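Chemist:
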Amino acid sequence: MTKPHLLQIGNVTERMRARFEAEFEITRLFDTPEAERAAMLAARGAEFVAVATDGHWGVPPYVMQALPNLKVVSSYGVGYDAIDATGAAARGILVSHTPDVLNDEVADTAILLWLAVYRRLVPADRWVRKGAWEEKGAFPLTRSVKGTTVGIVGLGRIGQTIADRVQAFGAKVAYHSRTPKPVDYPYFDNLEAMAAECDALICITPGGPGTRHIVNATVLSALGPEGVLINVSRGSVVDEPALVAALESGALGGAGLDVFEAEPKVPDALKRMENVVLTPHVGSATVETRQAMGDLTCDNLSQFLKDGTVVTPVPECRGL
Ligand code: NDP
Numbered sequence: 001m002t003k004p005h006l007l008q009i010g011n012v013t014e015r016m017r018a019r020f021e022a023e024f025e026i027t028r029l030f031d032t033p034e035a036e037r038a039a040m041l042a043a044r045g046a047e048f049v050a051v052a053t054d055g056h057w058g059v060p061p062y063v064m065q066a067l068p069n070l071k072v073v074s075s076y077g078v079g080y081d082a083i084d085a086t087g088a089a090a091r092g093i094l095v096s097h098t099p100d101v102l103n104d105e106v107a108d109t110a111i112l113l114w115l116a117v118y119r120r121l122v123p124a125d126r127w128v129r130k131g132a133w134e135e136k137g138a139f140p141l142t143r144s145v146k147g148t149t150v151g152i153v154g155l156g157r158i159g160q161t162i163a164d165r166v167q168a169f170g171a172k173v174a175y176h177s178r179t180p181k182p183v184d185y186p187y188f189d190n191l192e193a194m195a196a197e198c199d200a201l202i203c204i205t206p207g208g209p210g211t212r213h214i215v216n217a218t219v220l221s222a223l224g225p226e227g228v229l230i231n232v233s234r235g236s237v238v239d240e241p242a243l244v245a246a247l248e249s250g251a252l253g254g255a256g257l258d259v260f261e262a263e264p265k266v267p268d269a270l271k272r273m274e275n276v277v278l279t280p281h282v283g284s285a286t287v288e289t290r291q292a293m294g295d296l297t298c299d300n301l302s303q304f305l306k307d308g309t310v311v312t313p314v315p316e317c318r319g320l
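Just so we're aligned, residue 1 is where the sequence shown starts under full-length UniProt numbering, counting upward by one.
See below:
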């Protein structure tokens with residue numbers, strides 16, 4: 001029996017590839033030179049019933065339009081701002097993602113950055129390596145997270161997991177989202193008002209137009225000269241030039257950033273700052289969690305082949 005055709009966008013692990021190959025004929029979009037991809041899809045687009053992609057590449061609009069028989073998109077990642085899920089749902093295309101299996105890892109990354117900024121982990125490491133401990137003596141005192149107030153921007157699956165950890169460190173939690181949640185922490189419908197009450201903000205909303213630059217110059221200035229911004233959501237959530245300006249002028253105290261507006265490009269100004277910790281979008285990037293995400297990405301496609309449903313549809317596609 002001939003296998004259904006799957007268009008693969010981006011890279012997959014060996015384990016995922018083995019499962020895809022057992023069930024699908026695979027065409028890797030990136031095997032075709034960029035300039036020839038539209039022509040390849042114009043010729044072969046009708047073959048594909050499935051797309052496998054990830055949160056970074058998503059499904060570019062020209063690809064979505066070129067696949068008239070597409071039925072399912074399985075994305076390796078929970079954020080799906082690079083996929084037009086509403087447009088897909090209108091065409092009856094199921095979009096799935098990988099929620100929950102990465103909550104702990106991303107929350108750990110947020111805490112890692114938060115502690116690293118407060119305790120100045122990276123400069124302290126450099127202090128030892130460059131011999132300053134022997135030459136100059138003790139490293140300057142840092143700041144404690146205990147007793148501080150942390151504002152979670154987006155109290156969803158990961159945000160809640162971060163909140164639990166933050167409390168374990170003796171810090172207080174507040175949160176901002178569009179709707180209040182059934183929790184005991186103070187809710188702020190206004191982000192600037194929350195920033196004014198917090199020592200640190202941890203951003204963990206989805207990306208996309210709804211959250212673009214919600215952390216702007218006004219919010220950063222409300223957070224203040226001692227304030228710390230942690231962003232593990234999407235680069236688009238923070239107005240990056242405003243962030244650089246706030247850090248340069250001292251209007252903001254420090255930042256821990258896993259995501260950037262033009263990844264993998266990171267402003268040189270940020271790279272020069274001692275009060276900033278930078279990681280290359282590694283929120284979920286451990287062997288264990290990536291394996292769980294890969295398995296779920298494959299499970300979604302396997303289930304689709306069995307009964308036309310997926311395990312974890314994005315909210316826009318529930319009920320299709
Ligand atoms: P959820 O959907 O569970 O939570 C998202 C939260 O954001 C909800 O509480 C939602 O509440 C809130 N929210 C949505 N829109 C807005 C808005 N415009 N303003 C304020 N709050 C908003 O998602 P997850 O917790 O599973 O994941 C969150 C995001 O984390 C992903 O979409 C992805 O972008 C990012 N992520 C980053 C990773 C990394 O490697 N750095 C890894 C994994 C995820 P409400 O609807 O009430 O507003």
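C-beta atoms are modelled at their ideal positions from N, C-alpha and C, and glycine is treated no differently. Everything numeric in this text was worked out from a predicted model, so none of it was measured.
1. With hydrogens ignored, establish whether the beta-carbon of residue 345 is closer than 7 Å to any heavy atom of the ligand NDP.
2. Does the stretch 188-204 come close enough to the stretch 150-168 to have 3 or more Cβ pairs within less than 8 Å?
3. What's the C-alpha gap between residue 323 and Leu252?
4. Hey, could you find the ends of the beta strand (DSSP E) Gly256 is sitting in?
5. Secondary structure at Thr13, three-state DSSP: helix, strand or coil?
6. Output the distance between the C-alpha atoms of Thr32 and Met40, rounded to the nearest integer angstrom.
7. Where DSSP assigns a beta bridge to Asn275, which residues make up the other side?
8. Would you tell me roughly how many angstroms separate the C-alpha atoms of Gln65 and Thr286, rounded to the nearest one?
9. Quick one: is Leu29 buried, meaning 16 or more other Cβ sit within 10 Å of its Cβ, or exposed?
10. Could you tell me how far apart the beta carbons of Gly256 and Pro225 are, in whole angstroms, since I believe they sit closer than 8 Å?
11. Helix or strand or just coil, what does DSSP make of Cys198?
12. If you measure between the beta carbons of Arg178 and Gly207, is that distance less than 8 Å?
13. Drop a sphere of 10 angstroms on the beta-carbon of Gly227, count the other beta-carbons inside from all chains shown, and report buried for 16 or more, exposed for fewer.
14. Give the DSSP-derived three-state secondary structure of Pro313 in the structure shown.
15. At a cut-off of 7 Å, would you count Pro99 as near the ligand NDP, judging by its Cβ distance to the nearest heavy atom?
16. Since Leu94 contacts Val311 with CB under 8 Å, what's their CB separation in whole angstroms?
17. Where in the stretch 47-85 do unbroken runs of the beta strand (DSSP E), each at least 3 residues long, occur, reported from the N-terminal end onward?
18. If Ala18 sits next to Thr297, beta carbons under 8 Å apart, how far is it from one beta carbon to the other, in whole angstroms?
19. Identify the continuous beta strand (DSSP E) that holds Thr149 and give its terminal residues.
20. How would you label Val128, buried or exposed, when you count the other beta carbons within 10 angstroms and need 16 or more for buried?
21. Relative to the C-alpha of Asp100, which residue among Asp184, Met16, Asp295 is closest?
22. How long is the line joining the alpha carbons of Thr2 and Glu21, rounded to whole angstroms?
23. Indicate the three-state DSSP secondary structure (helix, strand or coil) for Arg28 in the structure shown.
24. In whole angstroms, what is the alpha-carbon distance linking Val314 and Ala245?
25. Starting from the C-beta of Tyr76, find all residues in its chain whose C-beta is less than 6 Å away, skip the five residues before and the five after it, and write them out in chain order.
Modeler: Taking the geometry as given:
1. There is simply no residue 345 to check, as the chain begins at 1 and stops at 320 in what is shown.
2. yes
3. The shown model of the chain, from 1 to 320, leaves out residue 323, and the question about it has no answer.
4. 254-257
5. coil
6. 8 Å
7. According to the DSSP secondary-structure assignment, Asn275 is paired through a beta bridge with no residue.
8. Going from the Cα of Gln65 to the Cα of Thr286 covers about 34 Å.
9. buried
10. With 8 Å as the limit, Gly256 and Pro225 do not qualify as a contact, their Cβ atoms being about 17 Å apart.
11. coil
12. Cβ atoms of Arg178 and Gly207: not closer than 8 Å.
13. buried
14. strand
15. yes
16. No, Leu94 and Val311 are not in contact; Cβ-Cβ is about 11 Å, not under 8 Å.
17. 48-54, 72-76
18. That belief does not hold up - the Cβ atoms of Ala18 and Thr297 are roughly 13 Å apart, past 8 Å.
19. 149-153
20. exposed
21. Asp295
22. 12 Å
23. strand
24. Counting only the Cα atoms, Ala245 lies some 36 Å from Val314.
25. Only Asp54, Met293, Thr297 meet the Cβ criterion.
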